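Single-structure report; data block below.
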Amino acid sequence: MESNHTFQQPTLSDRELEILKLVATGSTNQQIALQLFISVNTVKVHLRNIFGKLGVESRTEATMYAVREGWIELEGVPTPAEEEQFPWPQERISGWRRVFLLASALLIALVVFLPPARTALTGTGNQFTDQANTGIGNGQDVASSRWVTKAQMPTSRARLAVVAYEGQIFAIGGETNEGVSGVVEVYDPSTDTWTRRASKPRPVRNIGAAVLGDRIYVPGGYDAMDQAIATVEVYDARADAWNEVAPLPTPLFAYAIAAVNDKLYLFGGLDGIRYLDPVFIYDPDSDTWASGTPMSEPRGFCAATLVGEIVYVLGGYDGQSESTLCEIYEPSKEGSGEQPWTRLAPMRVGRGGLAAVTVENQVFAFGGGWTEYLSFNERYDVDQGAWMSFDSPVLSQWRTLGAAPVLIGEETVIHVIGGWSDRPLSTNYAYRPSFRIFLPSL
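Taking the numbering used here, I'd label the letters of the sequence shown as residues 54 to 495.
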């Protein structure tokens, strides 16, 4: 960050400096809005501008930047005039002491002022369901030309399955404020409308979906009785009908899922008791499941996406912390004696309950803040082997969401739908990768 002001000093408006000073005190967006007599959304827009000008990704980084530049003076911290009596080496030490003191103060402020969702969640109820965690916050805001708000999903929900099929996006099952849902709603990007389809016979949450042929497969899940199930239900979109196929080898939910070469692959997940590391492979021709080479670490709530015929498995949660892992799995190496798993550069931050999508050799990771708020999403450039950050339409906790790409004309648009941010969301954000501008990883 020091290089940001070596050649050209960023210029903040009086209002932006005013907001930055309040941020340094630990004030929330709501508190800042009340004090300055402006809306919460206006505060968020200003914060986006501040982050962009300073080249930072968080409130802490912005505050530390401001202290280093002398824009903010904290009580008990020596002023520049007081420091001038010391030789240069001691002045540098004093500056870093200021940063250390500030970071400590901010940590205390976070513990005191942020909602419980900021801290690590304990107990299986918090990991497998959000029904006891409903809050009143709303960190949503769209202030970027790359993000556009589309018609909201009729049923607000998290822990759902989202998949694209024949130019439409299917949102299946999940968890609402009322409980576990089997509702199926379909979004048509060409008309920006939603329609209702036949509900999934067995309502479940913590699920994923993938397309094989002309069918949508939804394995396992966590049902209304708080039990993991092994049932695999399949949806025929043309007939608007459901049926079952061979069950999973074990009850499973919170897995990652991908379809490769007419086979279904499931990665990790939970059985209701522990986090697992299996790879399960389904062959629709024989209606059978087989086991593949296990993952490197047991975890659930990870995400999978395809680059060609290679599966990228990202992030996850193990009950204690989110994972930064980015690993690839090559199905063609399964059973050949070669190791099908390769570990790549990790994400910048841990993400559990994230969604992943691939567009033109770029892997996008959306959301996934489980134990803390994340203010940015990430993109992996397959050719360069590096992660970069980009903005998020949700500025608070955002997890167990779904995402799917659809082709609109000659442009691919990613729709990021639902999820959890203090409550189940009905949001439908459209992201246009062709307009993206990314900050490089540092």
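Ideal placement from N, C-alpha and C gives every residue a C-beta, glycine not left out.
Just so we're clear, the structure is a prediction, and the values are computed from it rather than from any experiment.
CB contact flag (residue i, residue j, <8 Å)
i	j	result
R258	V287	no
V364	Y382	yes
K13	I225	Since the first residue shown for the chain is 54 and the last is 495, residue 13 is missing from the structure and cannot be characterised.
A457	A398	no
G321	G345	no
G405	E375	yes
A262	V233	no
E110	S385	no
F306	G274	yes
R255	G235	yes
G369	L378	yes
L73	A119	yes
I461	P272	no
D324	M348	no
I467	V412	yes
V459	G227	no
I260	A214	yes
Whole-angstrom distance between residue j and residue i, CA atom to CA atom
i	j	result
N102	T95	11 Å
Q83	S474	16 Å
I470	G455	5 Å
V435	F90	46 Å
T78	R112	11 Å
D293	V237	10 Å
E71	W200	27 Å
G422	G403	8 Å
S442	F223	27 Å
S66	I125	14 Å
P304	Q280	9 Å
K203	K106	28 Å
I189	R476	Below a pLDDT of 50, predicted positions are generally treated as unreliable, and I189, at 39, falls in that range; the measurement from the model is reported next regardless. Cα to Cα, the separation comes out at about 7 Å.
T81	T424	18 Å
G361	Q180	32 Å
T229	V216	19 Å
V447	E463	27 Å
R249	R485	26 Å
A408	G472	10 Å
S449	D340	42 Å
T208	A86	30 Å
P337	V93	51 Å
E297	P393	30 Å
G123	R212	45 Å
Y328	C355	11 Å
S445	W451	10 Å
V239	D315	24 Å
P63	L359	40 Å
S487	Q437	18 Å
E114	T465	33 Å
Residue i - DSSP class collapsed to helix/strand/coil
i	result
Q221	strand
T113	helix
V76	helix
S66	coil
T395	strand
R249	strand
I91	coil
Y482	strand
S376	coil
E499	With the chain covering only 54 through 495, there is no way to say anything about residue 499.
G438	coil
V98	helix
G105	helix
A299	coil
A86	helix
R121	helix
S339	coil
F181	helix
E71	helix
S487	helix
A290	coil
T424	coil
K316	strand
Cβ separation of residue i and residue j, assumed to be a contact under 8 Å, to the nearest whole Å
i	j	result
Y218	V264	5 Å
I310	A357	6 Å
L301	V313	Contact flag wrong, Cβ pair sits at about 18 Å.
M400	E350	That belief does not hold up - the Cβ atoms of M400 and E350 are roughly 14 Å apart, past 8 Å.
T480	Q88	Not a contact, Cβ separation roughly 28 Å.
A299	W247	That belief does not hold up - the Cβ atoms of A299 and W247 are roughly 32 Å apart, past 8 Å.
beta-carbon residue i near the ligand SAH non-hydrogen atom, thresh 7 Å
i	result
V98	This structure simply doesn't include the ligand SAH, nor any ligand for that matter.
Cβ of residue i within 8 Å of any chain C Cβ
i	result
A277	The displayed structure is made up of one protein chain only, and chain C is not part of it.
Is there contact between the region 387 to 395 and the region 409 to 429, where contact requires at least three CB pairs shorter than 8 Å?
-> no
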